[in-house]
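In the numbering used here, the protein residues as written are 112 to 338.
Read through the structure below, which is laid out as structure tokens, and then see the notes.
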Amino acid sequence: MILLAIDCAASLCAASIYDITAGRELGRSVRDLGKGHAEHLMAVIDEALAQAGKTYADLGRIGVSIGPGSFTGVRVAVSAARGFSLALKIPAVGVTTLEALAAETRAALGPCKVLAALDAGRAELHAAVYDENGQAVHEPAVLTLDEAATIAAAETMALAGTAAQLIAGAATGMDITLGPVSATADIGTYARIAAGKAGDGERPKPIYLRAPDAKPQAGFVLPREQK
């Protein structure tokens, strides 16, 4: 079975074509955009397919990063995954950025408990804890730095994500091991995790741990034209 994995949760716009049966990546395309994922995602997917020598008709599953991350980027990737799932009549599965970062940490350090955390601004962190087998011990949630530091100091665990060094600095006196400190994982990591998920029949949904920054203006309404 051939899987397409896509990730737009951070600055990267990335796609991977992965052979689930053989357990190897066949092609990929990654662009560091910052913004503009919607304008580039289809071209990135086409490049990955061309490199793999595959077409959309060859796909049997979609994997997509569902956040937490960029509000717009996550919506772009999840909308594309749901569209492909519907059009191609194949399952789509979601992978969180935090579980992907935790998986990369275990790949680098060996089996270990991982606190994966992203700096969300406003003195908030988006964080989750995963055990040695990748199972969520604490599901993704909004934490303060002090709360995350308390969790990290409670027992031996590695830290990953953009907030890892902040937590390490706050968890004074502890011997802290760092994994990847990026905002998202390599696209190949998303592909491998998605390959191991059978899916539950539900289409993937974005994880939004807080409301978007952009909100409608209050008290400003255009008058309707009278006919």
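Don't be surprised by glycine CBs; every beta carbon is placed ideally from N, CA and C.
Check	Outcome
C-beta atoms of residue 174 and residue 229 nearer than 7 Å	no
C-beta atoms of residue 304 and residue 179 nearer than 7 Å	no
Three-way DSSP call (helix, strand, coil) for residue 319 in this model	coil
Residue 216 in three-state terms, based on DSSP	helix
Other residues of its chain near residue 281: CB distance less than 6 Å, five sequence neighbours each side excluded	256 and 260
Reference residue 244; option with closest CA among 307, 130 and 143	307
Rounded straight-line distance, which links the Cα of residue 274 to that of residue 231	9 Å
CA nearest to the CA of residue 219, picked from 125, 269 and 208	269
Residue 126, DSSP secondary structure in three states	strand
Between the CA atoms of residue 138 and residue 377 - distance to the nearest angstrom	Residue 377 lies beyond the residue range present for the chain, which begins at 112 and ends at 338; the question has no answer from this structure.
Residue range of the alpha helix (DSSP H) that includes residue 194	182-199
Residue interval of the beta strand (DSSP E) (run including residue 341)	Because the chain in this structure spans residues 112 to 338, residue 341 falls outside the shown range and cannot be described.
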